[in-house]
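Accompanying notes for the structure given below.
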Amino acid sequence: MENIYKKIGNATKWSSLAEILAKLITPVTSMILARLLTPDAFGVVATVAMIFSFADMFTDSGFQKYLVQHEFNSNEEMYQSTTVAFWTNLTISFLLWGIIIIFSDSLAALVGNPGLGKTFRVACISLPVTSFSSIQMALYRRNLEFKTLFVVRITAVLIPLVVSIPLAIMLKSYWALIIGTICGHLSNAIILTVKSKWKPNLFFRFHILKQMLAFSIWSLVEAVSIWLTNYIGIFIVGVFLSTYHLGLYKTSMHTVNQIMTLITAATTPILFASLSRMQNNFKLFEDTFFKFQRHVGMLVIPMGVGIFMYHKLMTNLLLGSQWVEASEFIGLWALISSFKIVLSNYCSEVYRSVGRPRLSVMVQVTQIVVLIPLLLYGAKSGFEMLYILRSFVVIEMIIVNLTIMYLTVRISPRKMILNIVPFVFCSIIMALCALGLQHVSDNLIWSIISIFICVIIYFISLYCIFPETRSDLAPVLDKIERIVSRKVRRSIYMNKNFERD
Numbered sequence: 375m376e377n378i379y380k381k382i383g384n385a386t387k388w389s390s391l392a393e394i395l396a397k398l399i400t401p402v403t404s405m406i407l408a409r410l411l412t413p414d415a416f417g418v419v420a421t422v423a424m425i426f427s428f429a430d431m432f433t434d435s436g437f438q439k440y441l442v443q444h445e446f447n448s449n450e451e452m453y454q455s456t457t458v459a460f461w462t463n464l465t466i467s468f469l470l471w472g473i474i475i476i477f478s479d480s481l482a483a484l485v486g487n488p489g490l491g492k493t494f495r496v497a498c499i500s501l502p503v504t505s506f507s508s509i510q511m512a513l514y515r516r517n518l519e520f521k522t523l524f525v526v527r528i529t530a531v532l533i534p535l536v537v538s539i540p541l542a543i544m545l546k547s548y549w550a551l552i553i554g555t556i557c558g559h560l561s562n563a564i565i566l567t568v569k570s571k572w573k574p575n576l577f578f579r580f581h582i583l584k585q586m587l588a589f590s591i592w593s594l595v596e597a598v599s600i601w602l603t604n605y606i607g608i609f610i611v612g613v614f615l616s617t618y619h620l621g622l623y624k625t626s627m628h629t630v631n632q633i634m635t636l637i638t639a640a641t642t643p644i645l646f647a648s649l650s651r652m653q654n655n656f657k658l659f660e661d662t663f664f665k666f667q668r669h670v671g672m673l674v675i676p677m678g679v680g681i682f683m684y685h686k687l688m689t690n691l692l693l694g695s696q697w698v699e700a701s702e703f704i705g706l707w708a709l710i711s712s713f714k715i716v717l718s719n720y721c722s723e724v725y726r727s728v729g730r731p732r733l734s735v736m737v738q739v740t741q742i743v744v745l746i747p748l749l750l751y752g753a754k755s756g757f758e759m760l761y762i763l764r765s766f767v768v769i770e771m772i773i774v775n776l777t778i779m780y781l782t783v784r785i786s787p788r789k790m791i792l793n794i795v796p797f798v799f800c801s802i803i804m805a806l807c808a809l810g811l812q813h814v815s816d817n818l819i820w821s822i823i824s825i826f827i828c829v830i831i832y833f834i835s836l837y838c839i840f841p842e843t844r845s846d847l848a849p850v851l852d853k854i855e856r857i858v859s860r861k862v863r864r865s866i867y868m869n870k871n872f873e874r875d
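Take the sequence shown: its position 196, counting from 1, is numbered 570 in this note's numbering, and each next residue is one higher.
And the structure:
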């Protein structure tokens with residue numbers, strides 16, 4: 375048990391470091407691109423991403439999750455399954471790319487952007503490229519080897535900075551974003567293929583493929599249902615509203631998700647891999663799940679509340695004044711997403727880790743059934759109604775997930791909710807303080823200072839009101855103490871040298 379927690383801790387360290395650096399670089403890139411390109415350009419890219427992501431699900435075919443979740447008898451058996459998955463992925467990716475090339479003009483018209491056929495043909499060159507990286511990435515995640523994935527992640531986030539921004543300055547077109555994305559996928563494929571212990575070879579067995587498909591077919595159906603949940607709004611906005619509103623809709627959600635994934639992207643793959651290794655020990659399995667939920671909730675809930683309270687400031691800082699119409703959606707989506715992450719998203723990782731992805735499919739289907747009519751009504755009523763309905767429909771998914779967790783996995787919804795109550799309570803205190811601080815002044819410098827004051831108030835409230843959370847805060851406080859003591863020692867050393875001189 376001690377060894378697995380050590381591996382989880384080490385994986386979390388590298389994954390968190392990657393996401394922290396990525397979130398320092400990516401917002402800078404997004405801020406620059408949002409000022410160089412118009413919302414219409416981002417609307418076009420959202421449409422292209424919708425087609426690419428749909429095709430990319432089939433190129434993976436759910437094999438990546440199978441390789442992480444399945445318990446193999448030996449490394450040889452694992453590498454054989456990996457090779458079969460690789461050749462299957464590569465074959466499907468070329469077939470899908472060919473289909474997109476043939477029907478590109480029809481696809482462009484279908485999603486409400488006639489004339490973008492050439493864009494689809496070029497953008498989807500990434501399909502065979504990503505098939506090279508997805509399998510290697512699964513092996514690294516399975517073994518909780520996130521140090522190599524750190525290199526991959528950082529390289530990928532630097533690509534837009536050095537490729538997309540110069541192209542945006544020169545072209546003033548969405549092509550800057552598309553070319554940057556292709557280069558990012560290419561860098562992933564090259565690094566992972568070079569560093570991976572496993573290499574493709576001429577091996578294929580249909581009985582292995584059949585065995586993998588028994589699990590992967592449900593993973594694939596789940597991926598399709600998640601895609602529909604995420605992209606049905608983009609399709610409806612693209613058809614019923616303008617590319618301008620499509621750009622607002624997609625960029626608002628993307629901006630919030632970028633901030634939230636500072637925490638979730640660092641923990642979700644680790645949670646899935648860890649729970650998969652513990653699936654035969656329910657006590658350890660449950661304890662690990664609640665520990666992840668508590669640690670993530672301590673950060674994402676105040677983060678969501680904070681963005682909601684300072685949505686105009688966040689929009690101006692991250693996107694610029696031309697995106698002011700998106701600010702209220704950004705605030706609302708951040709607030710709802712913070713609860714969705716800790717009470718819904720992690721449930722899907724539980725289902726997959728015990729080999730039951732069909733449960734996640736059921737959740738996604740119920741969400742789609744509710745989501746589509748509400749989005750159609752919202753699109754006809756205007757952009758404001760659409761984003762309000764899109765945000766609050768998430769509550770249905772949370773309720774369904776909590777119910778399924780109790781009925782099938784026997785994890786208590788009550789315990790899940792009580793696990794995050796301290797963070798909700800202290801976030802409310804922080805929000806009330808934010809209201810008071812905002813009435814002092816609307817000056818930019820004061821607004822930024824007030825955010826730091828709110829953060830301090832949140833952690834002090836948590837420490838004083840809920841003593842049981844102090845063990846969770848200990849690593850953070852120890853880190854702060856080490857930084858402060860290091861600076862104090864350095865200051866004393868410099869003062870002694872100064873006095874000596």
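Yeah, the Cβ is synthetic: ideal placement off N, Cα and C, and Gly gets one too.
Judging by CA-CA distance, which residue of Tyr-832, Arg-726, Tyr-684, Ser-538 is the nearest neighbour of Val-630? Position 256 of the sequence shown, counted from the first residue, corresponds to residue 630. It is Tyr-684 whose Cα lies nearest to the Cα of Val-630.
Looking at Glu-596: is its Cβ nearer than 8 angstroms to the Cβ of Gln-738? To locate residue 596, count along the sequence shown from 1; it is residue 222. To locate residue 738, count along the sequence shown from 1; it is residue 364. In this structure, Gln-738 lies closer than 8 angstroms to Glu-596 by Cβ.
Using the C-alpha atoms, what's the distance from Tyr-832 back to Val-674? Taking the sequence shown and counting its residues from 1, the one referred to as residue 674 is at position 300. Taking the sequence shown and counting its residues from 1, the one referred to as residue 832 is at position 458. Rounded to whole angstroms, Val-674 to Tyr-832 spans 12 angstroms at the Cα level.
Taking the alpha helix (DSSP H) that Val-537 falls in, what are its first and last residues? Position 163 of the sequence shown, counted from the start, is the residue given in the question as residue 537. Counting along the chain, Val-537 falls outside any alpha helix (DSSP H), and DSSP gives it neither H nor E.
How would you call Pro-747, buried or exposed, if buried means at least 16 neighbouring beta carbons within 10 angstroms? For the purposes of this step, residue 747 is identified with residue 373 of the sequence shown, where counting begins at 1. With fewer than 16 other Cβ atoms within 10 Å, it is exposed.
If you run the structure through DSSP and keep just helix, strand and coil, what is Gln-653? The residue labelled residue 653 in the question sits at position 279 within the sequence shown. In this structure, Gln-653 counts as coil in the three-state DSSP scheme.
Are Val-442 and Phe-646 touching if we call contact CB-CB under 8 angstroms? Sequence index remark: in the sequence shown, residue 442 carries index 68 (1-based). Sequence index remark: in the sequence shown, residue 646 carries index 272 (1-based). Contact flag set, yes.
Whose CA, out of Ile-600, Tyr-761, Gly-472, lies closest to the CA of Thr-625? Counted from its first residue, the sequence shown places residue 625 at position 251. Ranking Ile-600, Tyr-761, Gly-472 by Cα distance to Thr-625 puts Tyr-761 first.
Completely contained alpha helix (DSSP H) runs for the region 418-468, where each covers 4 or more residues: 437-443
Express the C-alpha separation of Val-728 and Asp-661 in angstroms, rounding to a whole number. The count along the sequence shown starts at 1 and reaches residue 661 at position 287. The count along the sequence shown starts at 1 and reaches residue 728 at position 354. Looking at the two C-alpha atoms, the distance is approximately 15 angstroms.
DSSP on Gly-607, reduced to helix/strand/coil? By one-based count along the sequence shown, residue 607 stands at place 233. Three-state DSSP puts Gly-607 in a helix.
Starting from the C-beta of Lys-492, find all residues in its chain whose C-beta is less than 8 angstroms away, skip the five residues before and the five after it, and write them out in chain order. Looking up residue 492 in the sequence shown gives position 118. Cβ neighbours of Lys-492 beyond the five flanking positions: Ser-478.
Distance, Cα to Cα, Ser-570 vs Gln-438? As a working note, residue 570 is residue 196 in the sequence shown. As a working note, residue 438 is residue 64 in the sequence shown. Taking the straight line from one Cα to the other gives about 15 angstroms.
On the criterion of 16 or more Cβ atoms from any shown chain inside 10 Å, does Ile-633 qualify as buried, or is it exposed? The count along the sequence shown starts at 1 and reaches residue 633 at position 259. Ile-633 comes out buried.
Going along the chain, which unbroken runs of the alpha helix (DSSP H) with 4 or more residues stay wholly within the region 768-822? 768-778, 787-812
For a test of the three-state rule: what should DSSP assign to Pro-747, helix, strand or coil? Looking up residue 747 in the sequence shown gives position 373. Residue state, collapsed to three classes: helix.
Near Gly-558, which residues of its chain fall below 6 angstroms by C-beta distance, leaving aside the five closest residues on each side in sequence? Translated into positions along the sequence shown, residue 558 becomes position 184. The residues are Ala-530, Ile-533.
Going by CA-CA distance only, name the one from Ile-827, Val-536, Asn-463 that's closest to Ser-500. Here residue 500 refers to the residue found at position 126 when the sequence shown is read from its first residue. Ranking the options by Cα distance to Ser-500, first place goes to Asn-463.
Outcome for Pro-676 when other beta-carbon atoms lying within 10 angstroms are tallied against a minimum of 16: To locate residue 676, count along the sequence shown from 1; it is residue 302. Buried, since its Cβ has 16 or more Cβ neighbours within 10 Å.
8 angstroms CB neighbourhood of Lys-789 in its chain, flanking five on each side removed: The count along the sequence shown starts at 1 and reaches residue 789 at position 415. Same-chain partners within the cutoff: Phe-664.
Minimum length 4: unbroken alpha helix (DSSP H) runs contained in the region 567-634: 580-614
If distances are taken between C-alpha atoms only, which option among Thr-504, Thr-689, Phe-524 comes closest to Ala-408? As a working note, residue 408 is residue 34 in the sequence shown. Comparing Cα positions, the closest option is Thr-689.
Does DSSP put Leu-490 in a helix, in a strand, or in coil? The residue you call residue 490 lines up with position 116 of the sequence shown. The answer is coil: DSSP assigns Leu-490 none of H, G, I, E or B.
Separation of Leu-811 from Lys-870, as counted between CA atoms: Residue mapping note: residue 870 aligns to position 496 of the sequence shown, counting from 1. Residue mapping note: residue 811 aligns to position 437 of the sequence shown, counting from 1. Residue confidence for Lys-870 is low, a pLDDT of 45 falling below 50, so the modelled location carries little weight and cannot support an answer.
Three-state secondary structure (DSSP) of Leu-733: Residue mapping note: residue 733 aligns to position 359 of the sequence shown, counting from 1. Leu-733 falls in the helix class under three-state DSSP.
Which same chain residues end up closer than 8 angstroms to Leu-535 when comparing Cβ atoms and leaving out the 5 residues on each side of it in sequence? Residue numbering aside, residue 535 sits at position 161 when the sequence shown is read from its first letter. Ile-399, Val-402, Thr-403.
Compute the Euclidean distance between the alpha carbons of Leu-583 and Ser-765, then round it to the nearest angstrom. Here the question's residue 583 lines up with position 209 in the sequence shown. Here the question's residue 765 lines up with position 391 in the sequence shown. For Leu-583 and Ser-765, the distance between alpha carbons rounds to 40 angstroms.
With burial defined as no fewer than 16 other Cβ atoms inside 10 Å of the residue's Cβ, what is the status of Phe-797: buried or exposed? On the sequence shown, position 423 is the one that residue 797 refers to. Flag for Phe-797 reads buried.
What I want to know is whether the C-beta of Glu-451 ends up closer than 7 angstroms to one or more non-hydrogen atoms of the ligand PLP. The ligand PLP is absent from the structure shown, which contains no ligands of any kind.
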